[in-house]
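A.B. asks: As you go down the protein sequences, you meet chains A and B in turn. Residue 1 is where the first sequence starts when you use UniProt numbering, and the numbers rise one by one after that. Residue 1 is where the second sequence starts when you use UniProt numbering, and the numbers rise one by one after that. Let me give you the structure first, and then I'll get to my questions.
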Amino acid sequence: MTSTRSASLFALALLAPALIYILIIVAYPLFDTVVLSFTNASLRPTSDWVGWANYERIFGAGNFTEVIIRTFIWTFFSVAAKMIIGTLGATLLNAAIPGQAIFRILIMPPWIVPMAIGIFMWGWMYNGQFGMISGLLQNFGIIDKPWPILAYGDSAFWATIVTDVWIGIPMVTIYMLAAMQSIPKDLYEAAWTDGAGRGYRFRRITLPLLVPALLTMSLLSMIATFNSFDIIWILTQGGPSGTTTTMIIDTYKTAMGSRKYGEGAARAVVICIFVSLFCIVYFRAVRKLAQGEAK
Amino acid sequence: MIDRYKWYETALMYMGMAVFLFFILAPFIEGFLVSLKPLALLFSTPYSFLPKNGSFDAYFSMWESVPMLGMHIFNSFFISSVVTLIVVVIVVPASYAFARFQFTGSSLMLGGFLAVNMFSGAVLLIPLFRLMRQLGLLNTYWAMIVPGAAFLIPSSIWLLRTYMMRIPKELDEAAWVDGASRLYTLRRVILPLAMPGIVVVAIMTFIGAYAQQFIFALTFNSKTEFMPLPVGLFAFFGKQEVIWNELMAASFIGILPVMIVIVFLQRYLVAGLTAGAIKQ
Numbered sequence: 001m002t003s004t005r006s007a008s009l010f011a012l013a014l015l016a017p018a019l020i021y022i023l024i025i026v027a028y029p030l031f032d033t034v035v036l037s038f039t040n041a042s043l044r045p046t047s048d049w050v051g052w053a054n055y056e057r058i059f060g061a062g063n064f065t066e067v068i069i070r071t072f073i074w075t076f077f078s079v080a081a082k083m084i085i086g087t088l089g090a091t092l093l094n095a096a097i098p099g100q101a102i103f104r105i106l107i108m109p110p111w112i113v114p115m116a117i118g119i120f121m122w123g124w125m126y127n128g129q130f131g132m133i134s135g136l137l138q139n140f141g142i143i144d145k146p147w148p149i150l151a152y153g154d155s156a157f158w159a160t161i162v163t164d165v166w167i168g169i170p171m172v173t174i175y176m177l178a179a180m181q182s183i184p185k186d187l188y189e190a191a192w193t194d195g196a197g198r199g200y201r202f203r204r205i206t207l208p209l210l211v212p213a214l215l216t217m218s219l220l221s222m223i224a225t226f227n228s229f230d231i232i233w234i235l236t237q238g239g240p241s242g243t244t245t246t247m248i249i250d251t252y253k254t255a256m257g258s259r260k261y262g263e264g265a266a267r268a269v270v271i272c273i274f275v276s277l278f279c280i281v282y283f284r285a286v287r288k289l290a291q292g293e294a295k
Numbered sequence: 001m002i003d004r005y006k007w008y009e010t011a012l013m014y015m016g017m018a019v020f021l022f023f024i025l026a027p028f029i030e031g032f033l034v035s036l037k038p039l040a041l042l043f044s045t046p047y048s049f050l051p052k053n054g055s056f057d058a059y060f061s062m063w064e065s066v067p068m069l070g071m072h073i074f075n076s077f078f079i080s081s082v083v084t085l086i087v088v089v090i091v092v093p094a095s096y097a098f099a100r101f102q103f104t105g106s107s108l109m110l111g112g113f114l115a116v117n118m119f120s121g122a123v124l125l126i127p128l129f130r131l132m133r134q135l136g137l138l139n140t141y142w143a144m145i146v147p148g149a150a151f152l153i154p155s156s157i158w159l160l161r162t163y164m165m166r167i168p169k170e171l172d173e174a175a176w177v178d179g180a181s182r183l184y185t186l187r188r189v190i191l192p193l194a195m196p197g198i199v200v201v202a203i204m205t206f207i208g209a210y211a212q213q214f215i216f217a218l219t220f221n222s223k224t225e226f227m228p229l230p231v232g233l234f235a236f237f238g239k240q241e242v243i244w245n246e247l248m249a250a251s252f253i254g255i256l257p258v259m260i261v262i263v264f265l266q267r268y269l270v271a272g273l274t275a276g277a278i279k280q
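Below, the structure written as structure tokens:
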């Protein structure tokens, strides 16, 4: 192609709509969040600069650190379960057994269906009086009275995790399946000819080659889980008595419930910092991996 | 042969698959059974898994209990369709630019788009709320469409870019030599070839838009007539006396169209996920 200058201009023209859109709807709000976090903005039309006051207040209040720790525990167990179940699921879907085409469709619904609707269904399953889980446990005599799962702090916490795992599984499974299928077949055949058993082939070929995909998927799923809002909001709205309040729920309550925009923004900034840290750790790991391969 | 399993291995795998699928499908099975149960039976003990004297009554009575149901379903479709349209129109040229041209800041911008995925709409809710208010978009369809599209653009660019990079460069060059302008080349050479990729992006965007219709709709719109299905049903769900069988019936009607799309297009979906995800 001819002059690079006109090519660059052409490329920029093609990019302009996307760029402008994202700048206005994502980048500017991100900048605005940081600015707002240093003000006492609320429903009142005017607001003042308050410096670090919002940050001092949220960290001084004590329960904020509790919320952070809870969010990390919530995220950790949810992501770990998603990755383990999803990878095992992908291994099953990758096996040469008949029926795979149908199985691959049947795992899609949690991802395809509007999230909120899937969550309504879980809400019913968790219902103490008439829901499936409590009902079946009673029928089998495991518990002797109705168990309102979402009414107790402990069970509500784990129940929201289970639902989050459920929603995340199709994505992880399909991604891991794709990663498994991109491993060249002749590697397995060579190992097989050399007499390597199935377990050995899995440990020595499949797993090492899956590491990059596992890393990427864990990061994506960590970000999504950390920011997960719909599940908790629909099932418990952060209750009972705060036991399912994660950072995002806390931010929403502060901002939209109490209309303390400044304090809410400060909480949002803390979330952004954590998410950025995840990404930095991830890119470090990827680089290390790439260097390891180069050696 | 390498792929041959012993009979007990096959049996184990089917058992594992059954457990896995049960976990995935249990809420839907339960939801569907609930939608068939008469309300009186629903609230009786002991719990029975299968509906006795089940019927499709709830599928008829729900239209009266949720008078706006039809409107909510329409809204969901309308919002997702407009989001998809916006995303495709914006993403096609941008992906082409990233796939074919090297210019200052191209990798930086590409990274920037990727970074957008880090920030969920929930984190940016406060400024987005203020922005929507400033633009006068609160309580309109646009309050859900505009931010909805923004968070779907970046991943679509990455997906379509990967797809377009697989179209041989020689085709562009041949068109250039024949005297075609760049825009003409994009329209007449690249666009038809990229069509399968564009279809995948459109489907993924539609599903994404349909799935994410909660937080923006909950926060930026309070008018019942603009509510998409999830929020419309949430208002119903939040009441003291939930008519569960009707709620489930309404959910299934809302899901049905997406389900049908999936059954027909699942091949593209798996291909799309694979292409976008792995080949980076």
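Here a beta-carbon is modelled for each residue, glycine too, at the ideal position from N, C-alpha and C.
Which same chain residues, not among the five before or five after Pro240/A, have their C-beta less than 8 Å away from its C-beta?
C.D. replies: Answer for Pro240/A: Leu150, Ala151, Tyr152, Gly153, Ala156, listed in chain order.
A.B. asks: Taking three-plus beta-carbon pairs below 8 Å as touching, is the segment 182-196 of chain B in contact with the segment 216-234 of chain B?
C.D. replies: Verdict: no, contact absent.
A.B. asks: Can you check which of these residues, Phe151/B, Ile126/B, Ala249/B, is closest to Ala209/B by C-alpha distance?
C.D. replies: Of the listed residues, the one whose Cα sits closest to Ala209/B is Phe151/B.
A.B. asks: Go through the segment 121-183 of chain A residue by residue and report every complete run of the alpha helix (DSSP H) that reaches 4 residues or more, in order.
C.D. replies: Counting only runs of 4 or more, we get 132-139, 153-181.
A.B. asks: Determine the extent of the alpha helix (DSSP H) in which Met195/B is found, giving its start and end residues.
C.D. replies: It spans 191-211 - the alpha helix (DSSP H) in which Met195/B sits, taken as one unbroken run.
A.B. asks: Measuring only the C-alpha atoms, how far is residue 331/A from Pro170/A?
C.D. replies: The shown model of chain A, from 1 to 295, leaves out residue 331/A, and the question about it has no answer.
A.B. asks: Quick one, are the C-beta atoms of Asn227/A and Ser222/B less than 7 Å apart?
C.D. replies: Not closer than 7 Å, so no.
A.B. asks: Can you tell me which of Pro109/A, Tyr252/A, Phe77/A puts its alpha carbon nearest to the alpha carbon of Val162/A?
C.D. replies: The shortest Cα separation from Val162/A among Pro109/A, Tyr252/A, Phe77/A belongs to Phe77/A.
A.B. asks: Considering only DSSP beta bridges, list what Thr39/A is partnered with.
C.D. replies: Paired residues: Trp49/A.
A.B. asks: I'd like the span of the alpha helix (DSSP H) that includes Asp230/A, first residue to last.
C.D. replies: Looking at the DSSP string, the run of the alpha helix (DSSP H) that includes Asp230/A is 230-235.
A.B. asks: Closest by CA to Val116/B, which one among Ala290/A, Ala27/A, Ile249/A?
C.D. replies: Checked all of Ala290/A, Ala27/A, Ile249/A; the closest Cα to Val116/B is Ala27/A.
A.B. asks: Considering Ile73/B, what are the terminal residues of the alpha helix (DSSP H) in which it resides?
C.D. replies: Taken as a continuous stretch (DSSP letters only), the alpha helix (DSSP H) holding Ile73/B covers 69-100.
A.B. asks: How many angstroms separate the CA atom of Gly89/A from the CA atom of Phe20/B?
C.D. replies: If you take the alpha carbons of Gly89/A and Phe20/B, they lie about 7 Å apart.
A.B. asks: Along chain B, which residues have their Cβ under 7 Å away from the Cβ of Gly264/A?
C.D. replies: Here the neighbours are Ile126.
A.B. asks: Using Cβ-Cβ distances below 8 Å, what residues of the segment 15-30 of chain B are close to chain A?
C.D. replies: The segment 15-30 of chain B vs chain A, Cβ under 8 Å: Gly16, Met17, Phe20, Leu21, Phe23, Ile24, Leu25, Ala26, Pro27, Phe28, Glu30.
A.B. asks: Tell me which residue opens and which closes the alpha helix (DSSP H) that Pro51/B is part of.
C.D. replies: Taken as a continuous stretch (DSSP letters only), Pro51/B belongs to no alpha helix (DSSP H), as it is neither H nor E.
A.B. asks: Tell whether a beta-carbon distance below 7 Å holds between Ala41/A and Ser47/A.
C.D. replies: Yes.
A.B. asks: Return the Cβ separation of Ile119/A and Ile234/A in integer angstroms, given the expectation that the two are a contact with Cβ distance under 8 Å.
C.D. replies: Correct: roughly 4 Å between the Cβ atoms.
A.B. asks: Which same chain residues, not among the five before or five after Leu215/A, have their C-beta less than 8 Å away from its C-beta?
C.D. replies: Cβ neighbours of Leu215/A beyond the five flanking positions: Tyr282, Ala285, Val286, Leu289.
A.B. asks: Going by DSSP in three states, Ala190/A sits in which element: helix, strand or coil?
C.D. replies: Helix.
A.B. asks: Check whether the Cβ atoms of Val87/B and Ala11/B lie closer than 7 Å to each other.
C.D. replies: Not a contact, by the Cβ cut-off of 7 Å.
A.B. asks: Considering only the beta carbon of each residue, do Pro228/B and Ser76/B sit closer than 7 Å?
C.D. replies: Yes, Cβ-Cβ distance for Pro228/B and Ser76/B is below 7 Å.
A.B. asks: Taking only runs of the alpha helix (DSSP H) that begin and end inside the segment 53-78 of chain A, which ones reach a length of at least 4 residues, in chain order?
C.D. replies: Taking only runs of at least 4 residues, the alpha helix (DSSP H) segments lying wholly in the segment 53-78 of chain A are 53-60.
A.B. asks: Could you check how far apart the C-beta atoms of Met13/B and Ala101/A are, in whole angstroms? I think they sit under 8 Å.
C.D. replies: Not confirmed; about 16 Å, so no contact.
A.B. asks: Could you list which residues in chain B have their beta carbon closer than 8 Å to that of Gly89/A, in chain order?
C.D. replies: Within chain B, the residues near Gly89/A are Phe20.
A.B. asks: Leu186/B: beta carbon under 6 Å from a heavy atom of the ligand SAH?
C.D. replies: The ligand SAH is not among the ligands present in this structure, which contains no ligands whatsoever.
A.B. asks: For Ser134/A, which residues of its own chain have a beta-carbon under 6 Å away from its beta-carbon, when the five flanking residues on both sides are left out?
C.D. replies: Result list for Ser134/A: Gly128, Pro146, Trp147, in chain order.
A.B. asks: Which residues of chain B have a Cβ atom closer than 7 Å to the Cβ of Gly118/A, listed in chain order?
C.D. replies: Chain B residues near Gly118/A: Pro27.
A.B. asks: What separation, rounded to the nearest whole angstrom, lies between the Cα atoms of Leu265/B and Pro109/A?
C.D. replies: Approximately 13 Å, taken between the alpha carbons.
A.B. asks: State the start and end residues of the unbroken alpha helix (DSSP H) segment that holds Ala11/A.
C.D. replies: Per DSSP, Ala11/A belongs to the alpha helix (DSSP H) from 4-22.
A.B. asks: Measuring alpha carbon to alpha carbon, tell me which of Ser81/B, Ala211/B, Ala94/B ends up nearest Ile20/A.
C.D. replies: Ranking the options by Cα distance to Ile20/A, first place goes to Ala94/B.
A.B. asks: Between Val123/B and Ala268/A, is the Cβ-Cβ spacing less than 7 Å?
C.D. replies: For Val123/B and Ala268/A, yes; Cβs fall inside 7 Å.
A.B. asks: Counting only the same chain and skipping the five closest in sequence on each side, list residues whose C-beta sits under 6 Å from that of Lys279/B.
C.D. replies: In this prediction, Lys279/B has a pLDDT of 37, which is less than 50 and means its spatial position is unreliable; what the coordinates show is noted afterwards. Excluding residues within five positions, the ones whose Cβ falls inside 6 Å are Thr162.
A.B. asks: Would you mind stating whether Met79/B and Met132/B have Cβ atoms separated by less than 7 Å?
C.D. replies: Going by the sequence as given, residue 79/B is Ile instead of Met. No. Outside cutoff.
A.B. asks: Select from Phe278/A, Gly292/A, Met256/A the residue whose C-alpha is nearest the C-alpha of Ile126/B.
C.D. replies: The candidate whose alpha carbon is nearest that of Ile126/B is Met256/A.
A.B. asks: So, using beta-carbon positions, are Met259/B and Gly31/B closer together than 7 Å?
C.D. replies: Contact: no.
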